Amino acid sequence: MPARLWAARIALSVAVCALACFIWGNSLASGPASSQVSGTVTQRVNDALQAVSPGASVTEHFVRKAAHFSEFALLGALAAAWVRAWGLRLARALGWALLAGMAVALADETLQLFSPGRSASPADVWLDFAGFCAGTALAAALMAAVRRLQRRS
Numbered sequence: 017m018p019a020r021l022w023a024a025r026i027a028l029s030v031a032v033c034a035l036a037c038f039i040w041g042n043s044l045a046s047g048p049a050s051s052q053v054s055g056t057v058t059q060r061v062n063d064a065l066q067a068v069s070p071g072a073s074v075t076e077h078f079v080r081k082a083a084h085f086s087e088f089a090l091l092g093a094l095a096a097a098w099v100r101a102w103g104l105r106l107a108r109a110l111g112w113a114l115l116a117g118m119a120v121a122l123a124d125e126t127l128q129l130f131s132p133g134r135s136a137s138p139a140d141v142w143l144d145f146a147g148f149c150a151g152t153a154l155a156a157a158l159m160a161a162v163r164r165l166q167r168r169s
């Protein structure tokens, strides 16, 4: 087995675990600490929006939800790539991948129950899972497109 394949497998395994830990670490932050980070990001996004479209802005709520969706979309894409790197067919492993995504989302919201000033939301579990599914679908589509291009060559 080529060393490059093993390197990809290890790198993707580390990336998936590191991203899950990053997500869970954010959930363990206290409510005030989390709000401070979200407020800073919201301000930076609004500053950038003002430069492009004066009067445009986003709310902190939107930024928080977009962050949930985005980090889980990245996790879904990494999970799809991880499945392929280990030689599994995504269609066959999809159920397990989706189950893992839902488990990470449930753990994420559950951890918030133990963080001061935070609460869990079933709607956030579904938002996280939707992000995971979107990332998985996007990665699967990109991998299929690459395979088609390789076959044509």
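Residue numbering for the sequence shown follows our numbering, starting at 17 and increasing by one per position.
Here a beta-carbon is modelled for each residue, glycine too, at the ideal position from N, C-alpha and C.
All figures in this text were calculated on a predicted structure; none of them were measured in a lab.
### Task
Throw me the rounded Cβ distance for the G111 and F148 pair, which I believe falls under 8 Å.
About 13 Å; that fails the 8 Å criterion.
### Query
Can you give the Cα-Cα distance for R134 and N42, rounded to whole angstroms?
11 Å
#### Entry: Contact set for L21: own chain, Cβ-Cβ below 8 Å, skip 5 residues either direction
A101
### Message
On the CB-based measure, 16 or more other CB atoms within 10 Å of its CB, does A160 come out buried or exposed?
### Response
exposed
### Query
With a CB to CB cut of under 7 Å and the five nearest residues on each side skipped, what residues in its chain are close to D124?
I39, W40, S43 and D144
### Query
Quick one: Cα of L90 to Cα of G151, how far?
6 Å
### Task
Please report the residue range of the alpha helix (DSSP H) in which W102 lies.
No alpha helix (DSSP H) holds W102; DSSP gives it neither H nor E.
### Query
Secondary structure at A64, three-state DSSP: helix, strand or coil?
helix
### Task
In the DSSP assignment, find the unbroken alpha helix (DSSP H) run with V32 in it and report its ends.
A19 to L44
### Rounded straight-line distance, which links the Cα of D140 to that of R80
10 Å
### Task
Could you have a look at P138 and say whether DSSP puts it in helix, strand or coil?
helix
### Task
Look at the alpha carbon of L106 and the alpha carbon of A97, and state the distance between them as a whole number of angstroms.
9 Å
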